Amino acid sequence: STGAQWSSSVDPRVFPAGKWLRRFRVDEIPQLFNVLRGDMSFVGPRPEQPSFVDSLANTVPWYRERLLIQPGLTGWAQVRYPYGANEEDAVRKLEYDLYYMKHMSLLLDFFILIETTRTVLLGGVKEGQRDEYSTFREELKPLYPADRLGH
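Start counting the sequence shown at 10; every next residue gets the next number (this note's numbering).
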């Protein structure tokens, strides 16, 4: 099909060298220029393709809230969840983004940068190793009720 498509760790459009670049997040290096220009920060919710934002904002409650802060080169969702391949993954990553927004601090940013360094050196979060997001779901309820997060 044409237009934006979800990608995953087993995307047939990605060649073997591209898989290696993705696994170690080397494909994100060009976005450092966006950080230097001030369009992005080092830590924050990852920017998404505009067509996905429009679609998700219409179907996933609270999705636009992640746009309230500057996007980042890395984020809580990236160090805790593998590449997303569908709307369900986008909802999971949104939960991490909302958690980050609620708990933003220099200490959390430092931890995310350390985890990002580990990811770059050892490879990313793999399918089957997804972190349990339920541990902080209770903390999100006052701001973002679970029934509004798609559950």
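Note that the Cβ used here is the ideal one computed from N, Cα and C, for glycine as well. The structure presented is a predicted model; accordingly, all values stated were derived computationally and were not measured.
Query raised in the report: Taking all protein chains shown into account, do 16 or more other C-beta atoms lie within 10 angstroms of the C-beta of Ala-86, making it buried, or fewer, making it exposed?
Result: Buried, by the Cβ-count rule.
**Report entry** Beta-carbon proximity list for Arg-75, same chain, < 8 Å, skipping 5 on both sides
**Finding:** Around Arg-75: Pro-54, Leu-103, Asp-106, Leu-107 and Met-110.
Report task. Could you tell me the distance, in whole angstroms, from the CA atom of Glu-57 to the CA atom of Leu-65? Result -> One alpha carbon belongs to Glu-57, the other to Leu-65, and they sit about 10 Å apart.
Query raised in the report: Any idea which residues DSSP pairs Gly-81 with across the strands?
Result: DSSP, once it has assigned bridges, lists Ser-50 as partnering Gly-81.
Query - Ala-99, buried or exposed, once every other Cβ within 10 Å from all chains shown has been counted against 16 - result: Buried.
Query - Assumed close pair Leu-82, Leu-41 - CB separation to whole angstroms, cut-off 8 Å - result: Going by Cβ atoms, the distance from Leu-82 to Leu-41 rounds to 7 Å, so yes, they are a contact pair.
**Report entry** Glu-96, enclosing alpha helix (DSSP H) - first and last residue
**Finding:** Counted as a single uninterrupted DSSP element, the alpha helix (DSSP H) harbouring Glu-96 occupies residues 96-111.
**Report entry** Close Cβ partners of Ser-50 (< 6 Å) along its chain, the five nearest in sequence each way excluded
**Finding:** Only Gln-79 and Gly-81 meet the Cβ criterion.
Requested in this report: Return yes when the Cβ of Leu-122 is within less than 8 Å of the Cβ of Val-44, no when it is not.
Outcome: It is not a contact, given that the beta carbons lie outside the stated cut-off.
Query raised in the report: Are the CB atoms of Thr-68 and Glu-97 nearer to each other than 8 Å?
Result: No.
Requested in this report: Taking Arg-127 as part of the alpha helix (DSSP H), name the residues at either end of that continuous run.
Outcome: Segment 115-131, the alpha helix (DSSP H) holding Arg-127.
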